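Remarks on the structure that follows.
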Amino acid sequence: MSTFEQLGGADGIRAFVDELTVRIDADPVLGPMFAAVDLLLLNQHREQYFAAVLGGPEGYSGRGLREAHASLSLTDDAYDRFLRIVDETLTHLGANATAAIEVRALLERLRLVIVSPGPRA
Ligand code: HEM
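Residue numbers (the working numbering): 31 to 151.
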């Protein structure tokens, strides 16, 4: 069974992204970064992205993740915060343990793409 299916398919992914959004919005460091963002569109893309990379049937049509995050100058600390909130969200939703490990591994692989490298030497 794919991670997509273990998380409850499209409905499960939507529940995960919705809960994640509420928690990130409430975070004093990450929340303000979304002040000017169209959350409806962002969440459609997040749902699509997670569904596509976790074994769902449809593709992702948003921007590449490097491009989408480049102007935010995200640090490793901010990313760790994001990962902690993802863990809390999965626990809160009672996600399947194997699926939770897969999501965590995926996000660890994305760290290098999303966190800014800083000024070039
Ligand atoms: C500290 C962690 C993160 C922060 C603060 C953050 C913040 C943001 C912001 C502000 C945008 C909107 C950019 C814009 O519209 O100009 C965005 C877009 C997006 N982010 Fe993140 N992000 C983080 C991590 C992630 C991760 C781990 C994923 C992986 C699933 C992700 C997936 C996306 C997607 C799919 C978009 C939409 C791209 C588009 O609309 O074309 N983000 N993010």
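Every residue gets a Cβ at the ideal spot worked out from N, C-alpha and C, and that includes glycine. This one's a predicted model, so the numbers in the text were calculated from it and none came from an experiment.
Please report the straight-line C-alpha distance between residue i and residue j, rounded to a whole angstrom.
i            : j                : result
alanine 125  : phenylalanine 34 : 11 Å
arginine 141 : aspartate 55     : 20 Å
glutamine 78 : aspartate 41     : 12 Å
leucine 70   : aspartate 48     : 10 Å
alanine 9    : alanine 129      : Absent from the model: residue 9. The displayed extent of the chain is 31 to 151, so no value can be given.
alanine 127  : glycine 61       : 27 Å
If distances are taken between C-alpha atoms only, which option among the options comes closest to residue i?
i                : options                          : result
serine 103       : Val145, Arg111, Phe80 and Val116 : Val145
methionine 63    : Leu37, Ser101 and Arg134         : Ser101
glutamate 97     : Phe46, Pro147, Val143 and Asp48  : Val143
phenylalanine 46 : Ala66, Asn73 and Ser32           : Asn73
leucine 137      : Gly39, Pro58, Gly92 and Tyr109   : Tyr109
Could you tell me how far apart the beta carbons of residue i and residue j are, in whole angstroms, since I believe they sit closer than 8 Å?
i          : j              : result
leucine 50 : isoleucine 131 : In fact, because the Cβ distance is near 17 Å, the residues do not count as touching under 8 Å.
leucine 37 : leucine 84     : 7 Å
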